[in-house]
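Numbering of the sequence shown is given in the numbering used here, commencing with residue 3 and proceeding in unit increments. Glycine included, each C-beta is placed from N, C-alpha and C at the ideal position. Single-structure report; data block below.
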Amino acid sequence: MSAFVVIGGQWGDEGKGRMVDLLAQEASIVARYSAGDNAGHTVINHLGKFALHLVPAGIFYPDKLCLIGNGVVVNPQVLLDEIEQLESRGVSTKNLIVSDRAQVLMPYHLRVDELEEQARGSSALGTTLRGVGPAFVDKVARLGIRMADLIDPAALRSRLEMVLPQKNVLLERLYGAEPLDLESLHATYVEYGCKLKPYLRDTAAIVQEALERGEQVLLEGAQGSLLDLDIGTYPYVTSSTPSSLAAGAAIGVGIGPTQIERVVGVYKAYMTRVGNGPMPTELLDETGDIIRREGPAPEFGATTGRPRRCGWFDAVASRYSVRVNGVTSAALTRLDVLDNFPAIEICTAYELDGERLDSFPATTSILERVKPVFEEHSGWRKDTSGVRRFDDLPKEAQAYVKRIEALLGCPIDIVSVGPEREQAIRR
Ligand code: GDP
Ligand code: IMO
Ligand code: MG
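Dropping the structure here:
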């Protein structure tokens with residue numbers, strides 16, 4: 003019995019969806035364990051191009067169960083839309099199961115996300131405005147509504163009678179916004195409950211039983227480790243609990259940590275970030291713009307469409323995330339994006355006030371001030387998108403991957419050279 007986790011090792015959008023679509027072949031169950039529809043996981047395979055926000059990226063395999071675990075917050079409308087879109091494109095969702103313990107994202111979470119961002123002014127976090135932060139705040143405050151409540155109209159009403167007056171005070175008195183009406187909210191969410199009832203089950207029991215049968219379970223992370231509430235660039239982070247780090251995976255699907263055997267960390271061959279917060283290797287010049295636009299999948303957010311900030315590979319930040327996740331092997335994605343550069347830099351350390359810094363600092367005020375120490379590598383200036391064997395990569399590209407491997411301190415056993423399922427090199 004064993005579970006393995008796929009996590010993002012940087013600031014999100016490393017290509018987790020693409021890796022899960024590939025690695026799902028090894029598993030009988032694919033389960034999302036944290037976050038909400040702030041995630042945007044792109045998959046390109048024989049069925050087309052998809053951007054998934056809640057549905058696990060194993061959904062394209064008719065023989066796999068896909069679970070949305072107890073650690074996820076679910077916006078019912080977003081989930082229903084995603085199911086409808088998949089079905090309309092010929093992807094069956096009959097194997098999709100949603101935890102009855104998952105939290106429900108409510109309209110006041112969307113409003114509060116927007117109003118809080120406005121109130122932060124120049125310190126805005128640049129959230130995805132999907133209401134996910136406020137939904138997790140309510141979970142921790144024990145004000146949350148769970149999927150199981152949606153199929154029990156009386157329980158839902160009594161929850162709303164307790165929670166909604168508090169939310170309306172917040173909306174009206176703090177923000178001068180319109181209150182929400184209990185009756186229409188209740189009716190809408192009872193309706194969601196009717197539509198989603200066939201999908202609701204105790205997903206933890208399903209995972210536990212599969213592990214007892216000796217099956218492999220893939221736990222799909224969201225976001226990136228540097229956006230984590232505890233270890234990320236606080237306060238410019240996301241607010242999932244359980245965390246999207248590997249350690250959160252067990253909690254988010256309801257198994258013990260001893261059942262996780264492997265942690266696959268997904269890393270881009272350079273860095274990107276959407277939203278605000280420090281990013282030491284960010285390139286604000288033309289080079290950053292070239293990285294953003296290069297290749298078949300330009301760097302624009304899968305959830306918000308925002309341009310991603312781009313910069314050279316940051317080995318200090320990436321190695322830090324290898325350690326906090328206990329990454330056992332890494333997948334390096336988007337190597338093909340660097341195909342046309344004459345020279346490529348890797349940040350191997352930071353410099354702060356003339357002193358060398360090898361560790362990732364705790365505060366954004368320090369991270370904003372550090373200067374990256376770069377090591378220059380020769381580019382390969384050849385198309386790698388058709389390469390399927392490591393030895394067939396140009397020797398400069400091989401050297402680049404091996405150098406990152408040494409800096410991460412864990413083996414890179416997959417190199418991705420394009421967004422499509424087959425565009426991968428297994429070592
Ligand atoms: P996720 O959130 O980690 O699943 O990543 P996203 O889907 O948000 O962003 C990754 C982007 O890179 C998507 O557009 C993918 O189609 C694309 N992608 C993934 N792997 C590769 C690769 O090796 N090369 C290229 N060019 N694009 C890739
Ligand atoms: P995937 O799973 C990249 C970022 C937002 C913002 C911060 C807080 O596709 O990698 P939130 O809406 O979560 O309160 O926003 O976190 N963020 C992501 N960035 N990829 C993601 O998910 C992200 N999910 C949240 O841009 O900076
Ligand atoms: Mg994404």
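- Take L229, set aside five residues on each side of it, and the residues of its chain with a beta-carbon closer than 7 Å to its own are W13, G14, V239 and T240, in chain order.
- Taking C-alpha positions only, E180 is separated from K51 by approximately 39 Å.
- One alpha carbon belongs to W382, the other to E347, and they sit about 13 Å apart.
- Cβ-Cβ distances below 7 Å link G279 to T235, Y238 and T366 in the same chain, with the five nearest sequence neighbours on each side left out; the list follows chain order.
- K169 counts as buried, since no fewer than 16 other beta carbons sit within 10 angstroms of its beta carbon.
- A41 has its CB nearer than 8 Å to a heavy atom of the ligand MG.
- Collapsing the DSSP output to three states places A121 in a helix.
- Checking the 8 Å criterion, the Cβ of G303 is within range of a heavy atom belonging to the ligand MG.
- Between the stretch 246-256 and the stretch 71-89 there are three or more inter-stretch CB-CB distances shorter than 8 Å, so the stretches are counted as touching.
- The closest CA to that of G146, considering only L285, T260 and N77, is found on N77.
- DSSP, reduced to helix, strand and coil, places A143 outside both helices and strands of the structure shown, so it counts as coil.
- Per the C-alpha coordinates, the member of P396, A317 and D338 positioned closest to C412 is A317.
- In terms of side-chain proximity, the C-beta atom of P58 is found no nearer than 8 Å to any non-hydrogen atom of the ligand GDP.
- Judged by DSSP secondary structure, E378 falls within the beta strand (DSSP E) whose first and last residues are K373 to S380.
- Only buried fits A248, as 16 or more other CB atoms lie within 10 angstroms of its CB.
- For the pair A271 and S242, the CB atoms are not nearer than the 9 Å cut-off.
- Its chain contains D338, V419, G420 and Q425 as the residues whose beta carbon lies nearer than 7 Å to that of S387, once the 5 sequence neighbours on both sides are disregarded; these appear in chain order.
- DSSP places E86 in the helix class (H, G or I) of the three-state scheme.
- Per DSSP, the continuous alpha helix (DSSP H) segment holding C196 begins and ends at L184 to L198.
- Inside the stretch 3-82, DSSP marks whole beta strand (DSSP E) runs of 3 or more residues at positions 4-10, 31-34, 43-47, 50-54 and 67-70, from first to last along the chain.
- Judged by DSSP in its simplified three-state form, M281 adopts coil rather than helix or strand.
- Within the chosen limit of 8 Å, the ligand MG does not reach the beta carbon of K270 with any heavy atom.
- Put simply, the stretch 402-409 does not touch the stretch 356-372. Fewer than three CB pairs are less than 8 Å apart.
- Sorting E377, I416, F376 and R144 by C-alpha distance to the C-alpha of L395 places I416 at the top.
- In the structure shown, the three-state DSSP call for R311 is strand.
- Excluding its 5 nearest sequence neighbours in each direction, V114 has C-beta neighbours in its own chain below 6 Å: P136, listed in chain order.
- For L337, no pairing in a beta bridge is given by DSSP.
- A check of alpha carbon separations from K397 across D341, G133, P300 and A207 identifies D341 as the nearest.
- Per DSSP, reduced to three states, the secondary structure at F302 is strand.
- According to the DSSP assignment, Y238 belongs to no beta strand (DSSP E), since it is labelled neither H nor E.
- Taking a contact as a CB-CB distance under 8 Å, the pair L202 and D102 counts as one, their CB atoms being some 5 Å apart.
- For R294 and Y402, the gap between their C-alpha atoms comes out near 20 Å.
- Relative to the ligand IMO, N278 has its C-beta within less than 8 Å of a heavy atom.
- The beta carbon of V265 is closer than 6 Å to those of V7, A248, N327, G328, V329 and T330 in its chain, skipping five residues each way along the sequence.
- By DSSP's assignment, Q218 forms a beta bridge with S4.
- Burial check for C196: the Cβ neighbour count within 10 Å stays below 16, so the residue is exposed.
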